[in-house]
Each structure stands twice: as C-alpha cells, then as structure tokens.
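All letters in the sequence shown, in the order written, are residues 53 to 386 by this note's numbering.
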Amino acid sequence: MEQERRPVIFSGIQPSGELTLGSYIGAIKNWVELANDYDCYYCIVDMHAITVRQVPADLRRRTVEQLAQYIACGLDPQKNTIFIQSHVPAHAELAWILNCYTMFGELGRMTQFKDKSAKNAENINAGLFDYPVLMAADILLYQADLVPVGDDQRQHVELTRDIAERFNGVYGDVFRIPQTFNPKVGARIMSLTSPENKMSKSDKDPGGCIYIMQKPEDIMRSFKRAVTDSETCVRYDPVNKKGISNLMQIYSVATGKSFETIESEFTGRGYGEFKPAVGEAVVEMLRPIREEATRLMADKAYLESVYREGAERAAHTAARTLRKVQKKVGFIPR
Ligand code: ATP
Ligand code: LTN
C-alpha cells in the first residue's frame, strides 16, 4: 500500500549576500515553525545567485555559511532535505522545458526583474529575465503544496501557478499547484534607515540592514539610529509611521507580543527607550543562531555530509517529476 503523502514545502534563498533579519523573519523562521507538519525541501539557490555577477570564492564561502545558518536557525537536516540547487541538475533540465511554456510578456511584467534590471543596467542578462522560470522548476519538481517566502516573492509563486496550470491544461495533472505562505507579521521588513524600502542584502546603506551573524554592538547601533518620525508615541500606523511600525513588527516577532501589548508597554516612554528595546530583543533572538552557526562552520566534514545527503534525497524526488514531464512532452526515455 502506498504511504500517505505528507504535504510538501519548498523554499530557497540565494547565497548572494549575508542572510538578513528580513529573510529570517519573512522566510526562515516560518520554515522552522512549519517543519513538523510537512515534508520539507530547503534549497540554497546558487544558480539563481549567478544572475548577478558573483566573486566565485565568495559564492563558495557563502553557500556553505548559508547551510550552517539554515541548520543553526533550527532546521534539522535529519527531518528536512537541505541541499544546494546546482547539485541537482533536474532543476536546470525542468527549467528549460518550462521556458517553452512561459511567455516573454509574463516575464517582462515581473517587478523584481524590472527593479533588478534598473539596478544592474550594465548586466541585464537572459538569466535575470528567466529567473522566475528556474524558480518555478524548483517548486514544481517537488510537487510542493506550500512555498513560505516574503511578500516580494509572491508574484513569482503566482507565475509558477500559471505555468503549472498551463502545462497541466495541455498534458493532464502533472504538477501540483503550489500556494504562497506569507507570515501575518513580518512579510515585508523595511530598511531601518529608509523605512519606505524593503530591508535587503543588496542595500548599499550598511545601517539599514541587520544581518543574522552581526555582532550585538553593531545591531544595537543600527537600532538606536533607526529612522522614525517627529512624534514620540509608539503606535502602529504603517501609513503615517512607517519606521515605528516596522520596529513594532520586528519587536513583535522577536518577543511574541501583540501590537496592543507593545503600545501599552511603551506608553509615555518615547522612542529613546523603544529603539534600544527592539535592538536588545533582536540581539537575544539572533544570539543562539550566531553561536551555533559559528560552531557548525568549524565542522566542514559535517556540513559536506549534510549537503551530499540532501542532494541525493532531492535528486531522487526531482527525477520522478522530471521523467514524467519528459515523457509528456515527447522525449524518448533513456
Ligand atoms: P536581494 O537584495 O538580492 O533582493 P534579499 O535581501 O531580498 O536579496 P532574498 O534572498 O531575495 O533576499 O530573499 C530570501 C527570502 O527572504 C525570500 O523568501 C524573501 O521573500 C524573504 N525576504 C527578503 N527580504 C525580506 C524582507 N525585508 N522582509 C520579509 N521577507 C524578506
Ligand atoms: N527567488 C527567491 C529564491 C528562490 C525561491 C525558489 C524561493 C529561488 N527558488 C523556490 C522559494 C521557492 C528569492 O528569495 N529571491
């Protein structure tokens, strides 16, 4: 008898920079919380990373560091399949096939493509344009039900659904149609220095972004300098008080407190007390992660065994979907 299928999660992050507080709150923290109820695949998407020029040695270092950080955040490699995208060639193979079921116009409408090509005007390569199709291949290969990501990736998951539905419309039920999972609080953490922009690892302003491996004193300094407004009261109002509302989101995630509780906690206390309190809560949330990641980085043999076993398991699942797709489109089996 066939074993009961557990619902599947797939998500990934590019090793194109240091992991940020935004990607921790928007993505990884939820991966950890969802891990028990799903069959989970967490990927380090190095093939996506090269759509922007990388220094090879840095990419190698960050790929392994990111693996250590995934584990340090609480992803157990025994329970989750953690792997490096380029180790499973099925991703590239399916992406090619899906390219032929994706429209030029659809890709041109992707806001991330528009943003990134504006930022990298000297290197608007075909990979940058095609990036969402590779992401669709990542997700569809594992027949994922749920894709936990931050708000900025929602459009890419919607395109994945469109591609899958188009393919299924021609060939029958080949792909499961995935859904996005966005956290209720923290789907879009903003920069501390320009709260109208997303906190992002490619941000040029070092004070705007918090990194999960950053030293406590640097984290505290950035929070103390966070841009707020000319009032003094701690009140959630994401339209008129972007900076304070962003800090409240961060504090809420770090402490588990509701916005109401935070407002009453800081009544009459002003920003001078609120900002360092947020900093301290973040330092304490990240401390065990930083310590564990540092410890794991000293054990390269262990990390190597994790990504080898992860790739083997992932390749096994991916091959099943890929073979089915190849057969459907008319390729002769090997
Ligand atoms: P880049 O600077 O290259 O755009 P990034 O900092 O946005 O990178 P990604 O690697 O694109 O980081 O994102 C990793 C994951 O974290 C994605 O699921 C993304 O939606 C989420 N994420 C990234 N930044 C934030 C943020 N500021 N708030 C909430 N979620 C975020
Ligand atoms: N595009 C995503 C990274 C990514 C991803 C995925 C996320 C690549 N493949 C599959 C979820 C599922 C980003 O964070 N920039």
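Glycine included, each C-beta is placed from N, C-alpha and C at the ideal position. Predicted model only: the values in this text are computed from it and were never measured.
Distances from the CB of Met-187 to the heavy atoms of ligand 2 include at least one below 6 Å.
Nearest to Arg-375 by alpha-carbon distance, out of Asn-177, Leu-355, Asp-255 and Leu-193, is Leu-193. Leu-180 is a Cβ neighbour of Thr-103, given a cutoff of 7 Å. In its chain, beyond the 5 residues on either side, no residue has a beta carbon closer than 6 Å to the beta carbon of Gln-130. DSSP places Asp-351 in the coil class of the three-state scheme, outside both helix and strand.
Of the heavy atoms belonging to ligand 1, at least one sits nearer than 6 Å to the Cβ of Gln-66. Around the beta carbon of Met-155, fewer than 16 other beta carbons lie within 10 angstroms, which makes this residue exposed. Pairing Ala-239 with Ile-229 gives a Cβ-Cβ distance that is not under 7 Å. Considering only Phe-227, Ile-123, Met-337 and Asp-182, the residue with the shortest C-alpha distance to Ile-191 is Phe-227. For the beta strand (DSSP E) assignment, the uninterrupted runs of no fewer than 3 residues enclosed by the region 120-180 are, from N- to C-terminal side, 133-136. Nearest to Leu-159 by alpha-carbon distance, out of Asp-257, Arg-339, Ala-178 and His-143, is Ala-178. Pro-184 and Trp-148 have their C-alpha atoms roughly 12 Å apart. In this structure, Ser-68 is the residue among Ser-68, Lys-327, Asp-270 and Tyr-122 with its C-alpha nearest to the C-alpha of Asp-98.
Here the region 165-175 makes no contact with the region 132-145; the two share fewer than three CB pairs at distances below 8 Å.
Secondary structure of Pro-200 (DSSP, three-state): strand.
The three-state secondary structure of Met-242, taken from DSSP, is strand. Cys-95 is not a Cβ neighbour of Ile-341, given a cutoff of 7 Å. Spanning the alpha carbons of Asp-214 and Val-107 requires a straight line of approximately 34 Å. Put simply, the backbone Cα of Gly-74 is about 30 Å away from that of Leu-146.
As the crow flies, the alpha-carbon of Glu-85 is around 11 Å from that of Pro-200. Around the CB of Glu-117, 16 or more other CB atoms lie within 10 Å, so the residue is classed as buried. Checking the 6 Å criterion, the Cβ of Thr-232 is out of range of every heavy atom belonging to ligand 1.
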